[in-house]
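Trainee: From first to last, the protein sequence lines are chains D and B. Residue numbering for the first sequence follows the working numbering, beginning at 1 and increasing consecutively. Residue numbering for the second sequence follows the working numbering, beginning at 1 and increasing consecutively. Using N, Cα and C, we set each Cβ at its ideal position, and we do this for glycine too. Because the structure is a prediction, the values reported are computed rather than measured. Below you will find the structure I want to go over with you.
2 protein chains.
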Amino acid sequence: MRATAKKRAAPRRSEGNRRAELLAVCARLFREKGFDGTTIRDISSAAGMHSGSPFYHFKSKQEMLVAVMEEGLAEGLKRSQAVFALKLPPAERFRRLVRIHLGTILEDGNDFIPVLLYEIRSLTPANRRRIIAVKDGYDALWQKMIDELEEAGLLAGDRRVARLFVLGALNWTAQWYRPAGRLSVDRIAEETAAVFLKSVP
Amino acid sequence: MRATAKKRAAPRRSEGNRRAELLAVCARLFREKGFDGTTIRDISSAAGMHSGSPFYHFKSKQEMLVAVMEEGLAEGLKRSQAVFALKLPPAERFRRLVRIHLGTILEDGNDFIPVLLYEIRSLTPANRRRIIAVKDGYDALWQKMIDELEEAGLLAGDRRVARLFVLGALNWTAQWYRPAGRLSVDRIAEETAAVFLKSVP
DNA sequence: CCTACCGATCGGTAGG
DNA sequence: CCTACCGATCGGTAGG
Numbered sequence: 001m002r003a004t005a006k007k008r009a010a011p012r013r014s015e016g017n018r019r020a021e022l023l024a025v026c027a028r029l030f031r032e033k034g035f036d037g038t039t040i041r042d043i044s045s046a047a048g049m050h051s052g053s054p055f056y057h058f059k060s061k062q063e064m065l066v067a068v069m070e071e072g073l074a075e076g077l078k079r080s081q082a083v084f085a086l087k088l089p090p091a092e093r094f095r096r097l098v099r100i101h102l103g104t105i106l107e108d109g110n111d112f113i114p115v116l117l118y119e120i121r122s123l124t125p126a127n128r129r130r131i132i133a134v135k136d137g138y139d140a141l142w143q144k145m146i147d148e149l150e151e152a153g154l155l156a157g158d159r160r161v162a163r164l165f166v167l168g169a170l171n172w173t174a175q176w177y178r179p180a181g182r183l184s185v186d187r188i189a190e191e192t193a194a195v196f197l198k199s200v201p
Numbered sequence: 001m002r003a004t005a006k007k008r009a010a011p012r013r014s015e016g017n018r019r020a021e022l023l024a025v026c027a028r029l030f031r032e033k034g035f036d037g038t039t040i041r042d043i044s045s046a047a048g049m050h051s052g053s054p055f056y057h058f059k060s061k062q063e064m065l066v067a068v069m070e071e072g073l074a075e076g077l078k079r080s081q082a083v084f085a086l087k088l089p090p091a092e093r094f095r096r097l098v099r100i101h102l103g104t105i106l107e108d109g110n111d112f113i114p115v116l117l118y119e120i121r122s123l124t125p126a127n128r129r130r131i132i133a134v135k136d137g138y139d140a141l142w143q144k145m146i147d148e149l150e151e152a153g154l155l156a157g158d159r160r161v162a163r164l165f166v167l168g169a170l171n172w173t174a175q176w177y178r179p180a181g182r183l184s185v186d187r188i189a190e191e192t193a194a195v196f197l198k199s200v201p
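Right, dumping it as structure tokens:
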């Protein structure tokens, strides 16, 4: 490397990639510090840009938040639908769906869904309505899963509450899961079936 | 009422009450808008003070957050210990403990524990350690409850995970519960037993 | 995407 | 608890 090399020697990227990079940075920071706790300067410097540059890609900070949530929902819904489409016995399908959901919350770089879960409050009312409308599709898929379990006698209680409890327990893992900890994501998924299902096959 | 009455005709209060009032305002606003999303001016005006006045009661905004969490923990722990001390069969004790916990999260004016649950990130590292040390007492009480249920064959799965799932499901109610909705707090407490316990007596 | 900048707002303080 | 204020920082923009 020459002594006179430029400070930023990163490889050339297409514009689309740069936007995607910026979005990943937003997701990570919004998750770690919250939307209000993250400044444009935090985002710019983490992305290796100057402080005015993110606005070349997004109209406003609010639009960055919306974009993070939309990307998270699109990706999560796609993965969940793929699992739900598999022909499997209810308990097994549940395990697979839980595993996918935990992956989108806990695995490295998956900060998009956690932002959706914990920063909805920071959306403007109009954006909140839009995001919730998409999120309803996610909830509907889970409701079908829960109904199926109840019909198989594997789960009890009010069906809507059961869905909220299962998703609540899973979403809460974002608060306590540590990658270096005792419990792997696979293990947590197995335990979900053990705790919630009435008779584990 | 005289036309020349002063603008602020509120009854005289002791200094202690004024501080308590201010803390309740902080709890409500931190819950609604988040710690970073709440300004000192939001707090002052909601408390009917001028913008510099909250600093007569608290050294900094961070100290307001700590005070909210400490008050929430002290009150919640006191109530939970009282229920846990009752001599009752495991399932019934669980129901009562769940009901108390839901009350401290969902009932009117109980914004202190939700702030603890959702704003831990906003604490400085030193304050976070202090608050978590107190919160550990709360978790230990719940772990005893969960262990008791497992020993009675009413709950299955890894005990620590079971505790985190139950508390996760309950804490998540803060995200979806609406006072005007279909489900009362009592009803949600009953459903908790129905969903989690293996054989409801 | 950078440069140079702006008006608004923020947490906090001195002195009373 | 009020008055008057401050330095720092914030989201965002014009022009290139």
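Counting along the chain, where does the alpha helix (DSSP H) carrying His-101 (chain D) start and finish?
Mentor: Element bounds for His-101 (chain D): 90–106.
Trainee: If you drop the 5 nearest sequence neighbours on each side, which residues of the same chain put their C-beta closer than 7 Å to that of Pro-90 (chain B)?
Mentor: Closer than 7 Å at Cβ, skipping near neighbours: Glu-148, Leu-149, Ala-152 and Leu-154.
Trainee: Gly-181 (chain D): buried (16+ other C-beta within 10 angstroms of its C-beta) or exposed?
Mentor: Looking at its Cβ environment, which holds fewer than 16 other Cβ atoms inside 10 Å, Gly-181 (chain D) is exposed.
Trainee: Out of B:Thr-39, B:Val-25, B:Arg-31 and B:Phe-196, which has the shortest C-alpha to C-alpha gap to Phe-165 (chain B)?
Mentor: Minimum Cα distance to Phe-165 (chain B) is reached at B:Phe-196.
Trainee: Start and end of the alpha helix (DSSP H) containing Lys-59 (chain D)?
Mentor: Premise fails: Lys-59 (chain D) is in no alpha helix (DSSP H) and is neither H nor E.
Trainee: Take Arg-159 (chain B) and list the residues in its own chain whose beta-carbon comes closer than 8 Å to its own, dropping the five residues that flank it on each side.
Mentor: The answer, listed in chain order, is Gln-143, Ile-146, Asp-147 and Glu-150.
Trainee: What distance in whole Å lies between the Cβ atoms of Val-98 (chain B) and Ala-174 (chain B), which are believed to be in contact at a cut-off of 8 Å?
Mentor: The Cβ separation is near 14 Å, so there is no contact.
Trainee: Taking 8 Å as the threshold (C-beta atoms), are Leu-86 (chain B) and Arg-93 (chain B) in contact?
Mentor: Contact flag set, yes.
Trainee: Could you tell me whether the region 20–38 of chain D touches the region 62–74 of chain D, using the rule of 3 or more Cβ pairs below 8 Å?
Mentor: Counting Cβ pairs under 8 Å, three or more are found: they touch.
Trainee: Report, in whole angstroms, the separation of the C-beta atoms of Leu-216 (chain B) and Tyr-138 (chain B), which I expect to be a contact under 8 Å.
Mentor: Because chain B spans 1 through 201 in this model, residue 216 (chain B) falls outside it and cannot be assessed.
Trainee: Mind checking Gly-109 (chain D): buried by the 16 CB within 10 Å criterion, or exposed?
Mentor: Classification of Gly-109 (chain D): exposed, given that the 10 Å Cβ count is below 16.
Trainee: Counting only Cβ pairs nearer than 9 Å, list the residues of chain D close to Leu-183 (chain B).
Mentor: The contacting residues are Asp-158, Arg-160 and Val-161.
Trainee: Would you tell me roughly how many angstroms separate the C-alpha atoms of Phe-35 (chain B) and Glu-119 (chain B), rounded to the nearest one?
Mentor: Computed Cα separation, rounded: 7 Å.
Trainee: Between Lys-78 (chain B) and Ser-51 (chain B), what straight-line distance do the alpha-carbon atoms span, to the nearest angstrom?
Mentor: Between Lys-78 (chain B) and Ser-51 (chain B), the C-alpha separation is close to 34 Å.
Trainee: Between which two residues does the alpha helix (DSSP H) carrying Thr-39 (chain D) extend?
Mentor: It is not in any alpha helix (DSSP H) - Thr-39 (chain D) carries neither H nor E in the DSSP assignment.
Trainee: Give the C-beta separation of Gly-76 (chain D) and Ile-113 (chain D) to the nearest angstrom, bearing in mind that I take them to be a contact with Cβ-Cβ under 8 Å.
Mentor: Confirmed, Cβ separation roughly 5 Å.
Trainee: In whole angstroms, what separates the C-alpha of Val-161 (chain B) from that of Thr-192 (chain D)?
Mentor: Rounded to the nearest angstrom, the two C-alpha atoms are 8 Å apart.
Trainee: List the whole-angstrom C-beta distance separating Leu-102 (chain B) from Leu-22 (chain B), where the pair is believed to meet the contact cut-off of C-beta under 8 Å.
Mentor: Incorrect: roughly 27 Å between the Cβ atoms, too far for contact.
Trainee: Please return the same chain residues whose Cβ sits closer than 7 Å to the Cβ of Ser-44 (chain D), not counting the five positions on each side in sequence.
Mentor: Excluding sequence neighbours, Ser-44 (chain D) sits near His-50, Ser-51, Ser-53 and Pro-54.
Trainee: Can you tell me where the alpha helix (DSSP H) with Asn-171 (chain B) in it begins and where it stops?
Mentor: Asn-171 (chain B) -> alpha helix (DSSP H) spans 159–176.
Trainee: Would the beta-carbon of Leu-141 (chain D) fall within 8 Å of that of Phe-84 (chain D)?
Mentor: Yes.
Trainee: Can you tell me where the alpha helix (DSSP H) holding Arg-182 (chain B) begins and where it ends?
Mentor: No alpha helix (DSSP H) contains Arg-182 (chain B), which DSSP labels as neither H nor E.
Trainee: When the Cα of Arg-18 (chain B) is compared with those of B:Tyr-56, B:Thr-38, B:Asp-42 and B:Ile-40, which residue comes out closest?
Mentor: Checking every option, the nearest Cα to that of Arg-18 (chain B) belongs to B:Tyr-56.
Trainee: From Ser-122 (chain D) to Ser-122 (chain B), what distance separates their C-alpha atoms?
Mentor: Rounded to whole angstroms, Ser-122 (chain D) to Ser-122 (chain B) spans 16 Å at the Cα level.
Trainee: Can you round the beta-carbon distance between Ala-46 (chain B) and Val-68 (chain B) to whole angstroms, since I take them to be within the 8 Å contact cut?
Mentor: With a Cβ gap of about 14 Å, Ala-46 (chain B) and Val-68 (chain B) do not count as contacting.
Trainee: Indicate the three-state DSSP secondary structure (helix, strand or coil) for Gly-52 (chain B) in the structure shown.
Mentor: Coil.
Trainee: From Val-115 (chain D) to Gly-157 (chain B), what distance separates their C-alpha atoms?
Mentor: Val-115 (chain D) and Gly-157 (chain B): Cα-Cα distance of roughly 29 Å.
Trainee: In three-state DSSP terms, what is Ser-199 (chain D)?
Mentor: In this structure, Ser-199 (chain D) counts as coil in the three-state DSSP scheme.
Trainee: Is there a C-beta anywhere in chain B that falls below 8 Å from the one on Thr-124 (chain D)?
Mentor: False, the Cβ-Cβ gap to chain B never drops below 8 Å.
Trainee: Could you have a look at Asp-111 (chain B) and say whether DSSP puts it in helix, strand or coil?
Mentor: Asp-111 (chain B): coil per DSSP, three-state reduction.
Trainee: Between D:Thr-104, D:Ala-20, D:Ile-105 and D:Glu-70, which lies nearest to Arg-129 (chain D) when the distance is taken from Cα to Cα?
Mentor: Here the closest residue by C-alpha is D:Glu-70.
Trainee: In three-state DSSP terms, what is Lys-6 (chain B)?
Mentor: Any answer about Lys-6 (chain B) is weak, because its pLDDT of 32 lies below 50 and its placement is not dependable; what the coordinates show is given next. Coil.
Trainee: With DSSP as the reference, label Arg-140 (chain D) as helix, strand or coil.
Mentor: Arg is not the amino acid found at residue 140 (chain D); the sequence shown has Ala there. Helix, per DSSP.
Trainee: Alpha carbon to alpha carbon, what distance is there between Asp-111 (chain D) and Ser-60 (chain D)?
Mentor: If I take the Cα positions, the gap works out to 20 Å.
Trainee: Does the Cβ-Cβ distance between Lys-135 (chain B) and Lys-198 (chain D) come in under 8 Å?
Mentor: No. Outside cutoff.
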